[in-house]
Amino acid sequence: MAERERKGAPPFGGSFVAKATVMDAEQIRRAVKRMAHEILERNGGLDDVVIVGLQTGGIEPALHLVEAFETIEGTRPPLGSVDVAFHRDDIGLRPVLPEAPTDIPTELTGATVILVDDVLFTGRTVRAALDALNDFGRPRSVQLAVMVDRGHRELPIRADYVGKNLPSARSEVVNVTMSGVEIGEMQK
Amino acid sequence: MSAYLIRGGTVADAIETRTGDLGIAGGVIVPVDDLPSDATEIDATGCIVSTGLVDLNAHLGEPGDEAAETMVSAGEAAVLGGFTTVLAMPDTHPCVDTAAVVEHVRLLGEHALCNIEVAGAVTVGNKGENLAPLAELAAAGVRFITDCGSGVQDPLLLRRALEYAKPLGLTIAQPADCVALSRATHMHEGEWSSRLGLAGSPAEAEEINVMRDISLVRLTGGRLHFQTLSTAGSFAIVSAAAQSGLPISSEVTTHHLRLCDADLAGYDTNLKVTPPLRAAGDARAAMSAVAAGRVDCIVTDHTPHTTDRKERPFDHAATGTVGLETALAAALCSGVPHEVVLRSMSWRPAELLGLGTPQERSLQPGAPADVVVIDPNETWTVRVGSLATLGTNSAFEGTELTGRVRSTIVGGQLVVDQGKVAA
Amino acid sequence: MKHLLSIDELTTDELQELLRITPSFAEVASRRIAKVPALRGLTVATLFYEDSTRTRLSFEVAAKRLSADTLNVSVASSSVNKGESLRDTAETIEAMGIDAVVVRHASSGAPWQLTKWLDASVINAGDGWHQHPTQALLDCFTLQQELGSLEGRHIAIVGDIKHSRVARSDVSAFTRLGATVTLVAPPTLLPPATETWPVTVSHDLDSVLTDVDAVYLLRMQKERMRESLVPDLREYTALYGLTAARASKLGTKIPILHPGPMNRGVEIAADVPDLDQVVVVDQVRNGVAVRMAVLFMLLGSGNSGLPTDSLPAMAEEVPA
Numbered sequence: 009m010a011e012r013e014r015k016g017a018p019p020f021g022g023s024f025v026a027k028a029t030v031m032d033a034e035q036i037r038r039a040v041k042r043m044a045h046e047i048l049e050r051n052g053g054l055d056d057v058v059i060v061g062l063q064t065g066g067i068e069p070a071l072h073l074v075e076a077f078e079t080i081e082g083t084r085p086p087l088g089s090v091d092v093a094f095h096r097d098d099i100g101l102r103p104v105l106p107e108a109p110t111d112i113p114t115e116l117t118g119a120t121v122i123l124v125d126d127v128l129f130t131g132r133t134v135r136a137a138l139d140a141l142n143d144f145g146r147p148r149s150v151q152l153a154v155m156v157d158r159g160h161r162e163l164p165i166r167a168d169y170v171g172k173n174l175p176s177a178r179s180e181v182v183n184v185t186m187s188g189v190e191i192g193e194m195q196k
Numbered sequence: 058m059s060a061y062l063i064r065g066g067t068v069a070d071a072i073e074t075r076t077g078d079l080g081i082a083g084g085v086i087v088p089v090d091d092l093p094s095d096a097t098e099i100d101a102t103g104c105i106v107s108t109g110l111v112d113l114n115a116h117l118g119e120p121g122d123e124a125a126e127t128m129v130s131a132g133e134a135a136v137l138g139g140f141t142t143v144l145a146m147p148d149t150h151p152c153v154d155t156a157a158v159v160e161h162v163r164l165l166g167e168h169a170l171c172n173i174e175v176a177g178a179v180t181v182g183n184k185g186e187n188l189a190p191l192a193e194l195a196a197a198g199v200r201f202i203t204d205c206g207s208g209v210q211d212p213l214l215l216r217r218a219l220e221y222a223k224p225l226g227l228t229i230a231q232p233a234d235c236v237a238l239s240r241a242t243h244m245h246e247g248e249w250s251s252r253l254g255l256a257g258s259p260a261e262a263e264e265i266n267v268m269r270d271i272s273l274v275r276l277t278g279g280r281l282h283f284q285t286l287s288t289a290g291s292f293a294i295v296s297a298a299a300q301s302g303l304p305i306s307s308e309v310t311t312h313h314l315r316l317c318d319a320d321l322a323g324y325d326t327n328l329k330v331t332p333p334l335r336a337a338g339d340a341r342a343a344m345s346a347v348a349a350g351r352v353d354c355i356v357t358d359h360t361p362h363t364t365d366r367k368e369r370p371f372d373h374a375a376t377g378t379v380g381l382e383t384a385l386a387a388a389l390c391s392g393v394p395h396e397v398v399l400r401s402m403s404w405r406p407a408e409l410l411g412l413g414t415p416q417e418r419s420l421q422p423g424a425p426a427d428v429v430v431i432d433p434n435e436t437w438t439v440r441v442g443s444l445a446t447l448g449t450n451s452a453f454e455g456t457e458l459t460g461r462v463r464s465t466i467v468g469g470q471l472v473v474d475q476g477k478v479a480a
Numbered sequence: 397m398k399h400l401l402s403i404d405e406l407t408t409d410e411l412q413e414l415l416r417i418t419p420s421f422a423e424v425a426s427r428r429i430a431k432v433p434a435l436r437g438l439t440v441a442t443l444f445y446e447d448s449t450r451t452r453l454s455f456e457v458a459a460k461r462l463s464a465d466t467l468n469v470s471v472a473s474s475s476v477n478k479g480e481s482l483r484d485t486a487e488t489i490e491a492m493g494i495d496a497v498v499v500r501h502a503s504s505g506a507p508w509q510l511t512k513w514l515d516a517s518v519i520n521a522g523d524g525w526h527q528h529p530t531q532a533l534l535d536c537f538t539l540q541q542e543l544g545s546l547e548g549r550h551i552a553i554v555g556d557i558k559h560s561r562v563a564r565s566d567v568s569a570f571t572r573l574g575a576t577v578t579l580v581a582p583p584t585l586l587p588p589a590t591e592t593w594p595v596t597v598s599h600d601l602d603s604v605l606t607d608v609d610a611v612y613l614l615r616m617q618k619e620r621m622r623e624s625l626v627p628d629l630r631e632y633t634a635l636y637g638l639t640a641a642r643a644s645k646l647g648t649k650i651p652i653l654h655p656g657p658m659n660r661g662v663e664i665a666a667d668v669p670d671l672d673q674v675v676v677v678d679q680v681r682n683g684v685a686v687r688m689a690v691l692f693m694l695l696g697s698g699n700s701g702l703p704t705d706s707l708p709a710m711a712e713e714v715p716a
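Protein chains in written order, with our numbering: chain U, 9 to 196; chain F, 58 to 480; chain W, 397 to 716.
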């Protein structure tokens, strides 16, 4: 979960305190590699595949996926990023400013877009990202890859590729970096 | 006529300051022993008992601007502020430029709880073109004449006015403002006008006319009273000239003592006044000039307006602030000693207006019973909605002031009791 | 942050934050479908007491790209003189349920006064000689594009400083971002008390131009002649105009800015605006992005004054 979102969430001004490490760097590397294979298998290669990371938590996993493709296939699919700040359903309710300009390097009409994020939780960010992508064309399909699916969906959204299914309490917080996945909570 | 026994206060007049009681009966001060047994007692413990205040500069609305102020509302404001006599400025509609209008204003003034003295215009309609019938005004009892606003601009006209007025015993009261330099300006020129992007009038626009008018006094020997001086330079120039024996006197407003141009940062149009609030250094100079007696009087320059005239962009808003109810407190808590405040707001303006020497007005048996009882320690916050004036424009809105009038007695009648207009 | 009234009221952090997020909005403006739903359902009114088609359009485009509804409250330029109080106008707008008011007024301070009677956010689009904060933001953004950073850069602002809200806003913004500023103008077109400004002052354009990283020209208005502030335009141009000769001495690397509209032949020679280093068009384009950022910051970023403890849970976050 992105730092900027944590800042805007109750308890405001709290800091993340880890309770347990659920994946280490090596496990993450292996999960990324497996997800890359699954993407290749499902789409029969990388033709028309575009990788789009969600600002900000999805940027690093997306980059690692692209690197995995390069290792496996010897080619890098186009990599972009999308900032959902303008498409959120809670605009005006919390202090969230855009992080970086959305960067879609290629026309999306007809493409297979792999949206990448760190944590899938309520599904609202993915909903916003799907909206944001509309402005860049009409993809043939959009698939979702997440490092952690922690449940608690509030919208009919599911992930196509999952690094780890992690049962969690609603009140817990999942922290994903490429060196590890931790579960914990925000404390004042 | 009623009789009063003012008990336990500190009686301060031009002669002495003493602790003791004061008797009033039949419209004059009487020895306490001569009071009738049913005299009303007024507890003045912890209070200052002094001669009623006199304001040499107030705009009272009537005639012509009754929406902003009437003699009734202005009179209540005046007595609540401790004033027993107020000099009404002549820039009314019609302008006080004939004896007939003087009489009319006097009649209107009878509705006021305080005494109303009437100032006349120097020129017909305050237009600065032709002299008003000054002898006629003097015969109608006018003592001060003024083209309030910016004062007489034409030096030849001012020379004639000083010459003509001199044998009539008239004092020409004159704000110092060189309009050619100050036209279309909205505040003091300096760091703050620069920052706020408002056209400013330099201190020199005032000082040039101060110097010019002093020269004309020297030339003519006529009496001149500088209204609403506001710059450090003006105070220095005027006090030097007065010390050299020229027949000049001067006044400053309480808002120029207490406020400065930096206070305009929020574009509060209630702080738009003429002359403009000057730099902080000018306000300090005003304070020390008052304390040293280099300025004769502290005035209100009470200028009431209806809300719509102030709820406009700063450069389109009317100028002026109400002041009758706040002036004494603002002066008392400015750091100037009490006796200086009383001299500047009572004894000296009364003398300039011909109401009697400080000795004649002192609270001795036989003196007129214009008396004010002031609680110097009461702290209150100015809220224009709870003031008696109809004007809604106070430069001190929201300010906490210390010092408040407890009682005011005009001509032997108790008109303010316990800080409220007596029923 | 509820209002944007002046550059001085922004903290340096807020100023930098606005400049940091501006590229995100520039990206939206560059899309084929240049519209995002960020401010859907909100209404932005432009209240221009003084004509300025370009600024009004810029705000309208910015608001529309963020899906806000816009409406143009037309105010007869003489209505102030006719006696309409500022409060009446404010209350009329308030009654229409508007979320933000973009106000341009010939009187310094008018936007401050409006905030007294409006619940809506007030954005100052220029008040008298005083402030024009979005102009300063777009100027900073443009200069950052040209120079990388303003830190340690030397910027000359040339022309009628005295009557310029652009100069007052730019001096504050540029210097707070680390630039040094030299004002170049005849003494009569300088504001009083410039010694209290964080600038140096010069009356010699040629010597200043030997050592600048950017030149900012201000519009010279013809009515200044009537006020005896300068003898005539020919002399002004000779001393303070960016003539072809001065432009060529400046070289091709130094960006030249102007708030527009330009008086060709007065503050800038007729052909100079066509040089590559004149970034006036970039300023206009950046103006839209900066104004989007401002509108989003005021209306869309949750700083609108709602109590934070009443917020629903974050999309990807825990409830309280």
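By construction, the Cβ of each residue, glycine as well, lies at the ideal position given by its N, Cα and C atoms.
Chain-order list of residues whose beta-carbon lies under 6 Å from that of residue i (same chain, five-residue window excluded)
i, result
"residue 87 (chain F)", "80 and 422"
"residue 501 (chain W)", "445 and 523"
"residue 202 (chain U)", "There is simply no residue 202 (chain U) to check, as chain U begins at 9 and stops at 196 in what is shown."
With 16 other Cβ atoms within 10 Å as the buried cut-off, status of residue i
i, result
"residue 195 (chain U)", "exposed"
"residue 682 (chain W)", "buried"
"residue 429 (chain W)", "exposed"
"residue 711 (chain W)", "Bear in mind that a pLDDT of 39 at residue 711 (chain W), under 50, signals an unreliable position, so the model cannot answer this."
"residue 677 (chain W)", "exposed"
"residue 631 (chain W)", "exposed"
"residue 638 (chain W)", "buried"
"residue 313 (chain F)", "buried"
"residue 423 (chain W)", "buried"
"residue 237 (chain F)", "exposed"
"residue 492 (chain W)", "exposed"
Alpha carbon of residue i to alpha carbon of residue j, nearest angstrom
i, j, result
"residue 417 (chain F)", "residue 216 (chain F)", "33 Å"
"residue 168 (chain F)", "residue 220 (chain F)", "36 Å"
"residue 306 (chain F)", "residue 597 (chain W)", "42 Å"
"residue 641 (chain W)", "residue 689 (chain W)", "39 Å"
"residue 478 (chain F)", "residue 472 (chain F)", "6 Å"
"residue 71 (chain U)", "residue 77 (chain U)", "10 Å"
"residue 113 (chain U)", "residue 508 (chain W)", "44 Å"
"residue 108 (chain U)", "residue 661 (chain W)", "41 Å"
"residue 707 (chain W)", "residue 130 (chain U)", "Note that residue 707 (chain W) scores 43 on pLDDT, short of 50, meaning its location in the model is unreliable; the coordinates nonetheless yield the value given after this. When rounded, the distance between both Cα atoms is 16 Å."
"residue 187 (chain U)", "residue 668 (chain W)", "56 Å"
"residue 73 (chain F)", "residue 396 (chain F)", "10 Å"
"residue 209 (chain F)", "residue 121 (chain F)", "23 Å"
Same chain, Cβ closer than 7 Å to residue i, neighbours up to 5 away in sequence not counted
i, result
"residue 467 (chain F)", "109, 136, 141, 170, 171, 172 and 427"
"residue 173 (chain U)", "157"
"residue 609 (chain W)", "543, 549, 550, 551 and 650"
Integer-rounded CB distance, given that residue j should sit under 8 Å from residue i
i, j, result
"residue 399 (chain W)", "residue 517 (chain W)", "6 Å"
"residue 430 (chain F)", "residue 77 (chain F)", "Not quite, the Cβ-Cβ distance comes to about 13 Å (not below 8 Å), so this is no contact."
"residue 494 (chain W)", "residue 441 (chain W)", "5 Å"
Within 8 Å, strictly: CB atoms of residue i and residue j
i, j, result
"residue 505 (chain W)", "residue 484 (chain W)", "no"
"residue 733 (chain W)", "residue 601 (chain W)", "In the structure as shown, chain W begins at 397 and stops at 716. Residue 733 (chain W) is therefore absent and cannot be evaluated."
"residue 156 (chain F)", "residue 126 (chain F)", "no"
"residue 179 (chain F)", "residue 218 (chain F)", "yes"
"residue 60 (chain F)", "residue 115 (chain F)", "no"
Any non-hydrogen atom of the ligand FAD within 7 Å of residue i CB
i, result
"residue 74 (chain F)", "Of ligands this structure carries none, so the ligand FAD is not represented either."
Beta-carbon contacts of residue i that lie in its chain and below 8 Å, excluding the five residues immediately before and after
i, result
"residue 45 (chain U)", "80"
"residue 183 (chain U)", "9, 24, 26, 189, 190, 191 and 192"
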